[in-house]
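For the record, the sequence lines run as chains F and A.
Going by our numbering, the final residue of the first sequence carries number 272, and the count climbs one at a time with no gaps.
Going by our numbering, the final residue of the second sequence carries number 1375, and the count climbs one at a time with no gaps.
Built from N, CA and C at the ideal position, the CB exists for glycine as well.
For reference, the structure is listed below as structure tokens.
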Amino acid sequence: MSLDRSTRLRTSSRAPELLLPALLGGLILVYFALPFVAFLSRTGTANVVAGLSTPAAQGAIRNSLLTAPISTAIATVLGVPLAYVLARTSFPGKRLVEALVILPLIIPPVVGGAMLITAVGRFTPIGSAATAAGVPLTDSLIGVILAQTFVAAPFVVITARAGFGAVDERLEQASRSLGYGPLATFWNVSLPLARGAILAGIVLTFARAIGEFGATMMVAYNPRTMPTRIWVDFIAGGIDAIVPLALALLVITLVVLSAVQRFGRVPTVIDE
Amino acid sequence: MTLELDSLTHRYGDELAVDDVSFGIESGELVALLGPSGCGKTTIVQAITGHVRPTSGRVRLRGTDVTDTPPESREVGIVFQRSTLFPHMTVGENVAYGLAARDIEPERREQLVDEYLELVDLDDQRTALPEALSGGQRRRVELARAIAPQPDVLVLDEPLSALDRALRERLRDEIARIQRETGVTTLFVTHDQEEAMALADRLVVMNDGDVSGIGAPRTLYESPPTPFVASFLGRSNTFSATLTARQPMTVALGDHEIVIDGTETDRPTGSDVTCHLRPDALSIRPSGSDRALSLPGEVTRIADLGRRYDVTVRVEPGVELVVERTAAPPTIGESVTVELPSHALSIFSGEENERLTERAAPEARSQFDDPRPQS
């Protein structure tokens, strides 16, 4: 009898099993969506087209579209091999290397920027040598790229590392035994199989790079990128003044995200 | 010798995984490397394929030392326990992958892919992706991929362990057929002694990083060289006894003496020995029909396994022998005599685990054999 009842109780309580997590998750979703909606609702009052056609805005868009892809490319070309090494080997001090990869993520970008200045600023040995050679590392597009790369590169390293980690090492061993060296195996097997994760990492890195403000402001307040321009506009004209550029920034990021998802056949950003 | 391992030793840090292992495989032979998990089989596989550089010892392929040769420069085909088909390539592309690394013309390559897919009876799946195949089909594609480049040695590392029983047996026959048809020299690594015995020309039995025995399956089964082989290969009754005479060798189990005619030993009398007996070699007689090689006892347990009964007889306090029997079993509590044919008795010295009973050749054995009808 009592057994019967407890069984029934359990079945009846099964239906709302996910109720509590769904409620809690719903709250944060609302919190995510609210600022978007509130902000976008202002677009009607501001003249987006006029705002984007000023020379200052055009220059900022141009600078951002130039620097963010370069930063992302640098982060990818150097970060993916690092991710592979981290996924495949263990060595003394690996923990330290991993901590180093995460470091730019956990320090405030503005502090990261300050640190970059102490390393490559105008009056440091590296910075002064570069300036003398005609390629100043601060207050230049190169400075922007340095700042963006520093802050955004960890994303592609961490995500790609997870991707490589999910590729069974035996697949690589099979490839080796079938006559392919380590490089060819990486190219033919590891890279294609980790592609989804790597692409997701590239998208995250790009989004972070193009939106980078704190470190960029410290290293290269000029020339203006979209985020630094937004800051300047905000100081001068308040919220409504930044709507056009903010919107443009959002659109660029969304376009890149959906393009990568479509052509890369990546189901979601972080699915690995 | 197509493959030769010479004093192979490997340590992971302080842990000795493989300890001085030597064996060889002749051309066209199918050798099973058999042992429980953790006995060092996988390390040996890795050393043969070149993914592990052994701490010491040499690996030779067709007489050439390949110990320091990277995997891609060895002609070793490998099939792992879990599928390693490249999921982003079709079945045909997977099989062609190893061929493309060698200088084979594209036309000939296509032809070879067809041939090997036909060999494993999957020529109609050439354009399928691995994920569309069943577990058994995937195994067959992997076999085709591994042997298409015609490796010197094919290494199958637990290839059937992840499959269900019916499929396992079917694929086992399939592997035997493919090996027969291609004549590829094969090392079949498994923990399943039945699988190993069914497939292999020779067995290499490993335990805890050491080789415990090498030989033809039946020889190892009937005359196990070490206690480990006796207990791992098939079922075995094990008990301790004391050596009481050296010629003929006589051991005492409690009050009973077992005299093994035609044997001698130089071990001191009084030393401890371990005895192994195959349940299928024993037979049960009514009590009182004592002979030299028999032990009286009492039936304590009977398990009906359908095709046979496992009859457990207690012959001494703490010593129970399992006897396989197809005829109707005695009843529990009945006093019976367990007969031991001398060839079925493997005696090992207590300390060194060295085999004391001769490895009887079949013809030598028959003269000791009781001319009794098989029960």
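{"Check": "Of the choices A/1144, A/1329 and A/1016, whose alpha-carbon is the least far from that of residue 1099 of chain A?", "Outcome": "A/1144"}
{"Check": "I'd like to know whether the C-beta atoms of residue 249 of chain F and residue 64 of chain F end up nearer to each other than 9 Å.", "Outcome": "yes"}
{"Check": "Check whether chain F comes within 9 Å of residue 1132 of chain A, counting only Cβ atoms and requiring the distance to be less than that.", "Outcome": "no"}
{"Check": "Which value, in whole angstroms, describes the spacing of the CA atoms of residue 1173 of chain A and residue 1180 of chain A?", "Outcome": "10 Å"}
{"Check": "Residue 1169 of chain A to residue 1152 of chain A, Cα distance in whole Å?", "Outcome": "26 Å"}
{"Check": "Give me the DSSP bridge partner(s) of residue 1256 of chain A.", "Outcome": "A/1253"}
{"Check": "Use the C-beta contact count for residue 1325 of chain A: other C-beta atoms within 10 angstroms, 16 or more gives buried, fewer gives exposed.", "Outcome": "buried"}
{"Check": "Rounded to the nearest angstrom, what separates residue 1079 of chain A and residue 1057 of chain A at their Cα positions?", "Outcome": "24 Å"}
{"Check": "Give the DSSP-derived three-state secondary structure of residue 1372 of chain A in the structure shown.", "Outcome": "Low confidence applies to residue 1372 of chain A: its pLDDT is 40, below 50, so where it sits in the model is not reliable, and the reading given next is rough at best. Coil at residue 1372 of chain A, not helix or strand."}
{"Check": "Return the chain-ordered ranges of every alpha helix (DSSP H) run that is complete within the region 70 to 114 of chain F and spans a minimum of 4 residues.", "Outcome": "94 to 106"}
{"Check": "Taking all protein chains shown into account, decide if residue 1226 of chain A is buried (16 or more other Cβ within 10 angstroms of its Cβ) or exposed.", "Outcome": "buried"}
{"Check": "I'd like to know whether the C-beta of residue 199 of chain F is nearer than 9 Å to at least one C-beta of chain A.", "Outcome": "no"}
{"Check": "Please classify residue 226 of chain F: does DSSP put it in a helix, a strand, or coil?", "Outcome": "helix"}
{"Check": "To test your reading of the DSSP string, which unbroken beta strand (DSSP E) runs of 3 or more residues are found completely within the region 1308 to 1337 of chain A?", "Outcome": "1309 to 1316 and 1319 to 1325"}
{"Check": "Taking Cβ-Cβ distances shorter than 7 Å, what residues in chain F pair up with residue 1097 of chain A?", "Outcome": "178"}
{"Check": "Between the C-alpha atoms of residue 1046 of chain A and residue 1040 of chain A, what's the straight-line distance to the nearest angstrom?", "Outcome": "10 Å"}
{"Check": "Just to check my reading of the structure: residue 145 of chain F and residue 230 of chain F have Cβ atoms closer than 8 Å, yes? What is that Cβ distance to the nearest angstrom?", "Outcome": "Actually they are not in contact, since the Cβ atoms of residue 145 of chain F and residue 230 of chain F sit about 19 Å apart, beyond 8 Å."}
{"Check": "Decide if the region 128 to 137 of chain F is in contact with the region 82 to 98 of chain F; the criterion is three or more beta carbon pairs, one per stretch, under 8 Å apart.", "Outcome": "no"}
{"Check": "Does any residue of chain F bring its CB to less than 9 Å from the CB of residue 1082 of chain A?", "Outcome": "yes"}
{"Check": "Using a Cβ-Cβ cut-off of 9 Å, state whether residue 1270 of chain A counts as contacting chain F.", "Outcome": "no"}
{"Check": "Which residues in the same chain have their Cβ closer than 8 Å to the Cβ of residue 1294 of chain A, if we skip the five residues on either side of it in sequence?", "Outcome": "1285, 1337, 1338, 1339 and 1340"}
{"Check": "Under 9 Å Cβ-Cβ, which residues of chain A neighbour residue 193 of chain F?", "Outcome": "1086, 1087 and 1088"}
{"Check": "Distance check for residue 1043 of chain A and residue 1199 of chain A, CA to CA, integer angstroms please.", "Outcome": "22 Å"}
{"Check": "Where do the ends of the alpha helix (DSSP H) carrying residue 1116 of chain A lie?", "Outcome": "1106 to 1119"}
{"Check": "Could you tell me if residue 1195 of chain A is buried or exposed, where buried requires 16 or more neighbouring beta carbons within 10 angstroms of its beta carbon?", "Outcome": "buried"}
{"Check": "Cα separation between residue 1232 of chain A and residue 1155 of chain A?", "Outcome": "22 Å"}
{"Check": "Return the chain-ordered ranges of every alpha helix (DSSP H) run that is complete within the region 1015 to 1062 of chain A and spans a minimum of 4 residues.", "Outcome": "1041 to 1049"}
{"Check": "Is residue 1001 of chain A helix, strand or coil by DSSP?", "Outcome": "coil"}
{"Check": "Give a yes or no on whether 9 Å exceeds the smallest Cβ distance from residue 1051 of chain A to chain F.", "Outcome": "yes"}
{"Check": "Does the separation of the CB atoms of residue 227 of chain F and residue 213 of chain F fall below 9 Å?", "Outcome": "yes"}
{"Check": "Which word fits residue 263 of chain F, buried or exposed, when buried means at least 16 other C-beta atoms lie within 10 angstroms of its C-beta?", "Outcome": "exposed"}
{"Check": "Tell me whether the region 1232 to 1241 of chain A and the region 1262 to 1278 of chain A touch, counting them as touching only if at least three CB pairs, one residue from each stretch, are closer than 8 Å.", "Outcome": "yes"}
{"Check": "Can you list the residues of chain A that residue 170 of chain F reaches, using a CB-CB cut of under 8 Å?", "Outcome": "1080, 1082 and 1084"}
{"Check": "For residue 1077 of chain A, go through chain D and note every residue whose CB falls closer than 9 Å to its CB, in chain order.", "Outcome": "Of the protein chains in the structure, F and A, none is chain D."}
{"Check": "Buried or exposed: where does residue 47 of chain F fall if 16 or more other Cβ atoms within 10 Å of its Cβ makes it buried?", "Outcome": "exposed"}
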